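Going by the numbering used here, the letters in the sequence shown line up with residues 957 to 1586, in that order. We treat Cβ as the ideally placed atom computed from N, Cα and C, and that holds for glycine. Because the structure is a prediction, the values reported are computed rather than measured. Structure record follows, encoded as structure tokens.
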Amino acid sequence: MRTHHLGSMAALAACSLCTVPAAAGCQLQQLALLQVDMQDLRPLVWAKINGEKARFLLDSGSVYNSISRAAAEHYRLPLESIANDTAYMSGAGGTVAVKMTTVDTFDFLGLPVHKVPFLVFDQGAGTEVAGLIGQNVLRGISDVEFDLADGIVRFLEPVGCDKQALAYWAVKTPYSYVELESMNALEPHLRSEVIINGQRMSVWFDTGSSRSMLSLEAARRAGITPNSPGVTYLGLGGGIGPAPAKMWVAPIDSFQIGGEKVAHTHLVVADFQPQDAEGYAVRGFPDLILGDDFFLSHRIYVAYSQSKLYFTYNGGPLFNLNLPQFAAAAAPTAPGASSPAGASGAQPGADTPTDAAGFRRQGMAFAAMREFDRALADLTRACELAPGDAENRYQRGVIYQHLGQLQPALQDFDAALKVQPDDIDAHLARAELLHGNPEVGPASAAAEIKSDLDAVNRLAPPDADARFTLADFYGTLGDYSTALDQINHWLDTHHTESERAQGLNERCWLRAEANRDLPEALEDCNHALALRPSAQAEMGTFIGRKLAPENPAFLDSRGLVYLRLGRLKDAIGDYDAALDTNPNMATSLYGRGMAKLRLGEQAQGQADLAAAQRLDSGIARFFAGLGLAP
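Listed below in structure tokens is the structure:
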């Protein structure tokens, strides 16, 4: 069934190929060009499920196409069991149970393919992403070029190129390559080797991972531990699978891949140890996952036809952490490359955008790399070429807001909503901007915020992640009942343990903030914490507190409930436990400080308050807004 499906897609793609002559008899036939939107560090693409638009994450690290359970329900796809309902999939976060479904018509690259099978499991990618496009499609079509910095993926078929280098764009610049280990239908991962601090390491090239991650065990082989100089704790993170993993940022003395060598860079180190359903370690996982930060800093050609991967360095940070506090530390010197310049072939596609969509994609890629000035220039050009395009104006507004240019940001959000009044993201962005900076908007800013929130409430489906943002906003505005409705809507449509834990923790926190229904708040927190610990993995490590539940955040929420109830020793116990895992949680430090002061422990309490304010200068104002003061 898999072979038949992929053969059909490749045959359809070849119908619209363009052939470009190349040197020494080598030709590259472009079968298809895929437009990619870089949302933060995620390459997102559009497809259609039975004629309805659906957004997918392009995942070179996934073996098969998949969709989430929520998406299967949304698109009304029937679930089928695999092997008597005992099938599992393993990822960096552990193992999850898997079912299957069949899409009657799946439209990808503009090509409708019928009766396409998908795996179905809980993915934690957010409700705006239906699922993953995996190696069974990528490898099944042709060679693939990842030009994510330009927002493009090309599918290329080499003809007469067996012994030719295929980094066709590297005519005057050096290129490098690595040999890929043998791949087959059961082991299609893009696997090779790198050298870190002089130690050989196995590596996967994985666009499904937003950041490159070195396993803790491999880091130890390279002389790095959590206690090494310069190592900074980040928190908990996770991927496919429910198990959380501690994460750090660590300095790397030397990194070499193929002919490319870099001194003094930084990598995320993660304590992931994938396990199967019985709790045994999963074999075959790599030491290092090279994610989208690496793909953005390189142009990459995956030559399945030669079992090689060619790449050139684009410039900028090799491993872009996309975090302001690490931006300067993460910028390495430019890599050196030992491979010769000059690869065969002419370019199937131009590198410089020629239309508004191209400039928008390139601008979004620069934004993902935190190169906001370049992103602004490209998005401004996109707005000039297509002034009536709502997406261009919204994306430029986001960049203006990042740069602190709030008035132009507001103008762009207004313009986007004038063209597309049902744009949920633009409504939320405008509400956030006006809420945090009311002086930027008109005198009726409060009414506009309420109008935007009501619009999102009306437009968003019950299971949308936007419900969490709405709950925060409505709670801040004092509309407790509407805020509570948002979480209740979400809980009514999410039933897995990790989702339940996430929603229950949010409802607990909301009730504690409002100082309402505290017995019910305590019950919510207890229920969330009673779910298996692995349910509390942080599914989007750096996307914010409310969409990233983890044990410390759960304990922090219950600590606030105990503080409200006057159960001060219980509050201190929860805050202590939260800070054991994340010592930089300002809310736990400040809450613990207040509890200690109320118990008469003046010195310890004041020390906690001071430590919290060093981490977050606005933390005292935040607690004062809750009616809590030392």
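The alpha helix (DSSP H) spanning residue i covers which residue range?
{"i": "Leu1474", "result": "1474 to 1486"}
{"i": "Tyr1518", "result": "1507 to 1521"}
{"i": "Gln1560", "result": "1558 to 1571"}
{"i": "Thr1543", "result": "1542 to 1554"}
{"i": "Glu1137", "result": "Element bounds for Glu1137: n/a, residue is neither H nor E."}
{"i": "Ser1407", "result": "1401 to 1415"}
{"i": "Arg1177", "result": "1172 to 1177"}
{"i": "Ala1333", "result": "1328 to 1341"}
Compare the Cα-Cα distances from residue i to each of the options and report the closest residue.
{"i": "Ala1126", "options": "Phe1251, Ala1086, Thr1268", "result": "Thr1268"}
{"i": "Lys1264", "options": "Leu990, Tyr1133, Phe1429, Ser1573", "result": "Tyr1133"}
{"i": "Thr1163", "options": "Leu987, Ala1333, Leu1094", "result": "Leu1094"}
{"i": "Arg1156", "options": "Arg1176, Ser1400, Pro1144, His1145", "result": "Arg1176"}
{"i": "Trp1002", "options": "Glu1036, Glu1455, Ala1567, Val1109", "result": "Val1109"}
{"i": "Cys1117", "options": "His1445, His1030, Gln985", "result": "Gln985"}
{"i": "Pro941", "options": "Val1100, Ala1206, Ala1121", "result": "Limits of the chain in this structure are 957 at one end and 1586 at the other, which puts residue 941 out of reach."}
{"i": "Asn1147", "options": "Ala1399, Trp1446, Leu1244", "result": "The sequence shown places Arg at residue 1147, rather than the Asn named in the question. Of the listed residues, the one whose Cα sits closest to Arg1147 is Leu1244."}
Check the C-beta distance from residue i over to residue j and give it rounded, since I have them as a contact under 8 Å.
{"i": "Ala1201", "j": "Ala1226", "result": "5 Å"}
{"i": "Arg1514", "j": "Asp1530", "result": "5 Å"}
{"i": "Phe1012", "j": "Ala1086", "result": "6 Å"}
{"i": "Cys1348", "j": "Leu1335", "result": "In the sequence under discussion, the amino acid at residue 1348 is Asn, which differs from the Cys named in the question. About 6 Å separates the two Cβ atoms, so the contact holds."}
{"i": "Arg1316", "j": "Gln1351", "result": "6 Å"}
{"i": "Leu1088", "j": "Ser1166", "result": "About 13 Å separates the two Cβ atoms, so there is no contact after all."}
{"i": "Leu1329", "j": "Gly1353", "result": "Going by the sequence as given, residue 1329 is Asp instead of Leu. That pair is no contact at about 16 Å."}
{"i": "Gly1397", "j": "Leu1366", "result": "6 Å"}
{"i": "Asn1507", "j": "Thr1543", "result": "Their Cβ separation, rounded to whole angstroms, is 14 Å, which puts Asn1507 and Thr1543 out of contact at 8 Å."}
Could you give the residue range of the beta strand (DSSP E) that holds residue i?
{"i": "His1254", "result": "1254 to 1259"}
{"i": "Lys1071", "result": "1067 to 1076"}
{"i": "Trp1125", "result": "No beta strand (DSSP E) holds Trp1125; DSSP gives it neither H nor E."}
{"i": "Glu1101", "result": "1099 to 1103"}
{"i": "Lys1202", "result": "1201 to 1213"}
{"i": "Gln995", "result": "993 to 995"}
{"i": "Phe1012", "result": "1008 to 1014"}
{"i": "Pro999", "result": "998 to 1005"}
{"i": "Phe1267", "result": "1264 to 1269"}
Please classify residue i: does DSSP put it in a helix, a strand, or coil?
{"i": "Gln1155", "result": "strand"}
{"i": "Ser1165", "result": "coil"}
{"i": "Ile1023", "result": "strand"}
{"i": "Met1320", "result": "helix"}
{"i": "Ala988", "result": "strand"}
{"i": "Ile1528", "result": "helix"}
{"i": "His1220", "result": "strand"}
{"i": "Pro1114", "result": "strand"}
{"i": "Gln1361", "result": "coil"}
{"i": "Ser1490", "result": "With a pLDDT of only 42 at Ser1490, under the threshold of 50, the placement of this residue in the model should not be trusted, and no figure is reported."}
{"i": "Glu1455", "result": "helix"}
{"i": "Thr1308", "result": "coil"}
{"i": "Gly1434", "result": "coil"}
{"i": "Leu1035", "result": "coil"}
{"i": "Ala1086", "result": "coil"}
{"i": "Pro1394", "result": "helix"}
{"i": "Ala1585", "result": "coil"}
{"i": "Val1054", "result": "coil"}
{"i": "Arg1349", "result": "helix"}
{"i": "Val1187", "result": "coil"}
{"i": "Ile1180", "result": "coil"}
{"i": "Thr1425", "result": "helix"}
{"i": "Phe1250", "result": "helix"}
{"i": "Asp1449", "result": "Note that residue 1449 is Thr in the sequence shown, not Asp. Three-state result, Thr1449: coil."}
In angstroms with no decimal places, state the Cα-to-Cα distance between residue i and residue j.
{"i": "Ser1603", "j": "Pro1114", "result": "Lying outside 957 to 1586, the shown extent of the chain, residue 1603 is not represented and no answer is given."}
{"i": "Gly1522", "j": "Arg1467", "result": "15 Å"}
{"i": "Ala1372", "j": "His1222", "result": "38 Å"}
{"i": "Leu1503", "j": "Phe1077", "result": "Its pLDDT being 31, under 50, Leu1503 is placed unreliably by the model, and the measurement read from it follows with that caveat. Going from the Cα of Leu1503 to the Cα of Phe1077 covers about 19 Å."}
{"i": "Asn1393", "j": "Leu1362", "result": "8 Å"}
{"i": "Ala1233", "j": "Met1541", "result": "Unreliable positioning characterises Ala1233 in this predicted model, as indicated by a pLDDT of 46, which lies under 50. A coordinate reading is not provided."}
{"i": "Asp1441", "j": "Ala1403", "result": "20 Å"}
{"i": "Leu1415", "j": "Gly1007", "result": "21 Å"}
{"i": "Asp1473", "j": "Ser1437", "result": "11 Å"}
{"i": "Asn1153", "j": "Ser1210", "result": "5 Å"}
{"i": "Gly1496", "j": "Gly981", "result": "The predicted model places Gly1496 with a pLDDT of 33, which falls under 50 and marks its position as unreliable, so this point remains unresolved."}
{"i": "Phe1579", "j": "Leu1519", "result": "12 Å"}
{"i": "Gln1281", "j": "Leu1252", "result": "Residue confidence for Gln1281 is low, a pLDDT of 46 falling below 50, so the modelled location carries little weight; the figure read from the coordinates is stated next. Gln1281 and Leu1252: Cα-Cα distance of roughly 20 Å."}
{"i": "Leu1122", "j": "Lys1004", "result": "32 Å"}
{"i": "Glu1453", "j": "Leu1487", "result": "7 Å"}
{"i": "Ser964", "j": "Lys1071", "result": "Here Ser964 scores only 39 on pLDDT, less than 50, and its place in the model is too uncertain to base an answer on."}
{"i": "Thr1449", "j": "Met1550", "result": "37 Å"}
{"i": "Gly1561", "j": "Ser1573", "result": "17 Å"}
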